[in-house]
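With my numbering as the guide, the letters of the sequence shown map in order to residues 935 to 1048. Working notes, beginning with the structure itself.
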Amino acid sequence: VQLQASGGGLVQAGGSLRVSCATSGIIFSIVVMGWYRQAPGKQRELVARIFTNGDANYADSVKGRFTISRDNAKNTVYLQMNSLKPDDTAVYYCNVAPYTGNVWGQGTLVTVSS
């Protein structure tokens, strides 16, 4: 299984970023996919997940600001992040959702400056 997140960077508070995660080794079209993040000194948390029919749900902390989407033809999941806050600073990862295992791909760092 490969999970390659990309698109992170440094952005000012109030700005936007779109991160992507290309996957291989899973039957992407039939799994629920999620975006997780891990801030310094904190546990990894699930912030958004998208079902196979396109329905999505979000953690309260990002609801109304983040949008998850998926492209089954490209085996890729996206996270559009708007109105970013310094508290959104973290390494962002994708994986199936829910997931409690130890196989995590390379995340992408998002840093939001105040």
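Glycine included, each C-beta is placed from N, C-alpha and C at the ideal position.
8 Å Cβ cutoff met for residue i and residue j
i, j, result
"Ile1002", "Trp1038", "no"
"Val1044", "Pro1020", "no"
"Ala973", "Leu1018", "no"
"Gly1041", "Val1025", "yes"
"Ser954", "Ser940", "yes"
"Asn1016", "Ser950", "yes"
"Ala993", "Leu1013", "no"
Proximity to residue i [Cα-Cα], best of the options
i, options, result
"Asp989", "Pro1032, Met967 and Tyr1027", "Met967"
"Asp1022", "Val996, Pro1032 and Tyr1012", "Val996"
"Arg952", "Asn1036, Ile960, Asn987 and Thr1010", "Thr1010"
"Ser963", "Ser1048, Arg1004 and Tyr1027", "Arg1004"
"Gln938", "Ile960, Lys976 and Ala982", "Ile960"
"Ile984", "Pro1032, Asn1036, Gln977 and Val935", "Pro1032"
"Arg999", "Ala982, Asn987, Thr986 and Lys1008", "Ala982"
"Thr936", "Thr1034, Tyr1027 and Ser1048", "For the record, residue 936 in the displayed sequence is Gln; it is not Thr. Nearest option by C-alpha distance: Tyr1027."
Residues that residue i bridges to, as DSSP identifies them
i, result
"Val945", "Val1046"
"Val953", "Leu1013"
Practice problem: Let me know the alpha helix (DSSP H) ranges lying completely inside the stretch 961 to 996, each 4 residues or longer, listed in chain order. | Solution: You should have found no qualifying run.
Practice problem: With a floor of 3 residues, list each beta strand (DSSP E) that falls wholly inside the stretch 998 to 1037, ordered by position along the chain. | Solution: Those beta strand (DSSP E) runs which fall completely within the stretch 998 to 1037 and span 3+ residues are 1000 to 1005, 1010 to 1015 and 1024 to 1030.
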